Structures are given as structure tokens and as C-alpha cells.
Amino acid sequence: MSNEGLDDLRYELELKNAEIDELMMDLQNKIEEINKLKLYATKLKYEKKNLEDKLDTKIDYDKSQMKELDDLTEKLREKDAIIEDKQDQVKYLRSLIDDYRQQLSQNTENLEVQLKKITKTYENLLEQKDAIIKKQDEEISNLIKSKEEIVKSNKTNVISLKLQNEKYQEIIDKLTKTN
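If you count by the numbering used here, then the sequence shown holds residues 261 to 439, one letter each, in order.
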């Protein structure tokens with residue numbers, strides 16, 4: 261074989277290797293696509309499982325709601341029976357209330373008489389309280405006036421003492437300067 265034939269074979273080998281590399285890259289891309297599709301299929305299976313679980317939960321919830329509604333219906337029947345019993349009790353209590361109203365009417369009349377007496381006594385006490393408050397207000401006014409006069413007197417005394425203090429200070433200053 262000649263060099264040219266060998267070069268051709270090498271060239272063909274390189275082309276084949278390049279084709280193999282290209283096919284390997286295609287194969288690698290296909291494998292990646294397959295892996296992505298497997299992941300997507302796994303995700304879909306997981307979502308399907310979640311949806312089935314949610315559906316089962318919803319069904320269980322709906323069943324429990326139906327059970328609760330049945331229980332509530334039964335409770336309503338029981339409450340209706342209790343209400344009927346209570347209505348009978350109310351009728352009886354109304355008759356008692358009518359009797360008590362008559363007694364209350366009599367007691368009210370007696371209480372009104374006593375209230376009138378208490379009201380008069382209370383009015384007298386209020387008048388006494390007002391008189392006491394008026395006297396206290398007058399005494400407070402007198403005390404305030406007295407305090408104000410004392411304050412004025414104290415201010416006058418303070419001013420007088422300041423003036424005397426100034427005179428004494430002047431005398432002391434003169435005496436200390438002359439010495």
C-alpha cells in the first residue's frame with residue numbers, strides 16, 4: 261500500500277472517528293433527553309400520587325361532612341323535642357309570672373309610699389349637704405384670702421429685709437474701705 265492509500269485510510273479513519281464522536285454526542289444528548297423525560301415522568305407520577313391523595317382526603321372529608329350533617333340532623337330532632345318541652349314549661353312559668361305580677365303590684369304600691377318618705381328625707385339631707393358645702397366654700401375663700409395677705413406681707417418683709425441688707429452692705433463696704 262502506498263502512502264497515499266494509507267493517508268486515505270487514515271483520513272477515512274479520522275472521518276469515521278469524527279462520525280463516531282458526533283454519534284456519541286447525539287447519543288449523549290438522547291440519553292440526557294431520556295433522563296429529562298424520566299424525571300418528568302417521575303414528577304408526573306408524584307403529582308398523580310398527590311392528586312390521588314388529595315382526592316382521597318377530599319372524599320374522606322366529604323364523608324365526614326355527611327356524617328356531621330347526619331349527626332346535626334339528629335341533634336336538631338332532639339332539640340325540637342327539648343323545645344316543645346320548654347314551651348310547656350314556659351306556659352307554666354307564665355301562669356306563675358301572672359301570679360307574681362299581682363303580688364308585685366301590691367308590693368309596688370307599698371314601696372312607692374316608702375319611696376316618697378325616703379325622697380323627702382333625702383331632699384332634707386341634700387339641703388343640709390348644700391348648706392355645709394356653702395359654709396366650707398366660704399371658709400376656703402377666707403383661708404385663701406388670709407393666705408394671700410400673708411404672702412403679700414411676707415413679700416413686703418422680704419423686700420424690707422433686702423433693702424436693710426443692702427444698707428448694711430453699704431455701711432460694711434464704707435467701713436472696710438476707710439480702714
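A virtual CB, placed ideally from N, CA and C, is assigned to each residue, including glycine.
Since the structure is predicted, the reported quantities are computational estimates derived from the model, not experimental observations.
Where SER406 is concerned, the enclosing alpha helix (DSSP H) starts and stops at 263 to 438. Linking ILE392 to GLU426 through their CA atoms gives a straight-line distance of about 50 angstroms. If the five residues before and after LYS422 are omitted, its C-beta is found closer than 7 angstroms to no C-beta atom of its own chain. The straight-line gap separating the alpha-carbon atoms of ARG354 and GLN374 is approximately 29 angstroms. Annotation: THR416 to LYS407 spans about 14 angstroms, alpha carbon to alpha carbon.
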